[in-house]
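**Q** Before I ask anything, here is the structure I am working with.
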Amino acid sequence: MTEPRPLCKKCEDMIAEDDLTWVGNDPFHLSCVTTVDLEKRGMKILVAFLSEQGRKCTPSNVKRYDLKVDGKYAELKATTQSFFGLSESQYQGLKSGELQTVFIVNGDEVTEYDRADLIEAVPKPETTYYFYRSGLTPTASHTCNGFL
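Mapped onto my numbering, the consecutive letters of the sequence shown carry residue numbers 202 to 349.
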């Protein structure tokens, strides 16, 4: 497997300028949209934190994980809650050893959990039921103009 390239100059400049309106569909760009989005803000904080520590941080070449940190797959969970969740495929990756680290960003605080600690913990599995709108008939639909 080839090592993903580091963040491009444009991405580094955007981080430095606190501008998270990321461009393009390049899988090596972080797919940030806006600074007010919790996950995107968390990504900015995490990338800056890891850079300060001199750690190598690149976008993941595998869709189910957010990053590679020091050459190993890592996941970011930006949350204000006292818990975080992993998808089934992320949890299986954790169990198999593919996912090595989970970073939690809560406000300006970054917490790192390594695989060994997470494997020892007992997660509470919960089922999520997904409804696809294409298969539903709406009761009502409204267009809200000028509310924002």
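Note that beta-carbon positions come from the ideal geometry of N, C-alpha and C, so glycine has one too.
1. With three or more beta-carbon pairs closer than 8 angstroms as the criterion, would you say the stretch 326-334 touches the stretch 249-265?
2. To the nearest angstrom, how far is the alpha carbon of residue 243 from that of residue 306?
3. Please state whether DSSP places residue 296 in a helix, a strand or coil.
4. Helix, strand or coil: how does DSSP classify residue 318 here?
5. Pull up the distance between the alpha-carbon of residue 296 and that of residue 285, whole angstroms please.
6. Excluding the 5 residues preceding and the 5 following residue 299 in the sequence, name in chain order all residues of the same chain whose CB lies nearer than 7 angstroms to its CB.
7. Can you list, in chain order, the residues of its chain whose CB lies under 6 angstroms from that of residue 237, leaving out five sequence neighbours each side?
8. Quick one: is residue 233 buried, meaning 16 or more other Cβ sit within 10 Å of its Cβ, or exposed?
9. Any chance you could list the beta strand (DSSP E) runs of at least 3 consecutive residues sitting entirely within the stretch 245-312, in chain order?
10. Quick check: what's the CA-CA separation for residue 291 versus residue 333?
11. May I have the straight-line CA-CA distance separating residue 311 from residue 272, to the nearest angstrom?
**A** Well, looking at it:
1. no
2. Locating residue 243 in the sequence shown gives position 42, counting from the first residue. Locating residue 306 in the sequence shown gives position 105, counting from the first residue. C-alpha separation (whole angstroms): 6 angstroms.
3. Within the sequence shown, the letter at position 95 stands for residue 296. Helix, per DSSP.
4. To locate residue 318, count along the sequence shown from 1; it is residue 117. Looking at residue 318 - three-state DSSP - the assignment turns out to be helix.
5. Along the sequence shown, one-based indexing puts residue 296 at 95. Along the sequence shown, one-based indexing puts residue 285 at 84. Those two C-alpha atoms are separated by around 17 angstroms.
6. Position 98 of the sequence shown, counted from the start, is the residue given in the question as residue 299. 274, listed in sequence order.
7. By 1-based counting over the sequence shown, the position of residue 237 is 36. Unreliable positioning characterises residue 237 in this predicted model, as indicated by a pLDDT of 39, which lies under 50. The coordinate reading is nonetheless provided below. Same-chain partners within the cutoff: there are none.
8. As a working note, residue 233 is residue 32 in the sequence shown. Bear in mind that the predicted position of residue 233 carries a pLDDT of just 38, short of 50, making it unreliable; the figure below should be weighed with that in mind. Residue 233 is buried by the Cβ-count criterion.
9. 258-260, 268-270, 273-279, 300-307
10. Counting from 1 along the sequence shown, the entry for residue 291 is found at position 90. Counting from 1 along the sequence shown, the entry for residue 333 is found at position 132. Rounded to the nearest angstrom, the two C-alpha atoms are 22 angstroms apart.
11. Counting from one through the sequence shown, the residue named residue 311 turns up at place 110. Counting from one through the sequence shown, the residue named residue 272 turns up at place 71. Answer to the nearest angstrom: the Cα atoms are 19 angstroms apart.
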